[in-house]
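Novice:
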Amino acid sequence: MNYAQSKCDVMSLEVRVENTVAQHVYTNLGFQYGGKRKNYYGEGEDALVMWVNLNE
């Protein structure tokens, strides 16, 4: 993430609601939950939006 820190302040991503393993990895990297995108991956497959401030 060092390269990203030099180019932007905030990084965001989407992850499947059911993918709790990935969510755990992202929270350990400092990502926070920012919302939900309904049907992002198709009908009935929502995504969680996660973000991290790269300057903290």
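For the sequence shown, the positions run 94 to 149 when our numbering is used.
Beta carbons are placed, not taken as given, at the ideal position from N, Cα and C, and that holds for glycine.
Please read these numbers as outputs of a predicted model, since none were measured by experiment.
According to DSSP, simplified to helix, strand and coil, what is Asn146?
Specialist: Strand at Asn146.
Novice: Is Arg109 near the ligand MN, with its Cβ less than 6 angstroms from a heavy atom?
Specialist: By its list of ligands, the structure shown contains no ligand whatsoever, and the ligand MN lies outside what it can speak to.
Novice: Shortest alpha-carbon distance to Tyr126 belongs to which of Asn112, Gln116, Lys100?
Specialist: Nearest option by C-alpha distance: Gln116.
Novice: Identify which residue in Val118, Asn121, Cys101, Leu141 has its Cα closest to the Cα of Arg130.
Specialist: Considering only alpha carbons, the answer is Leu141.
Novice: Cβ atoms of Met143 and Tyr119: under 7 angstroms apart, would you say?
Specialist: Yes, Cβ-Cβ distance for Tyr119 and Met143 is below 7 angstroms.
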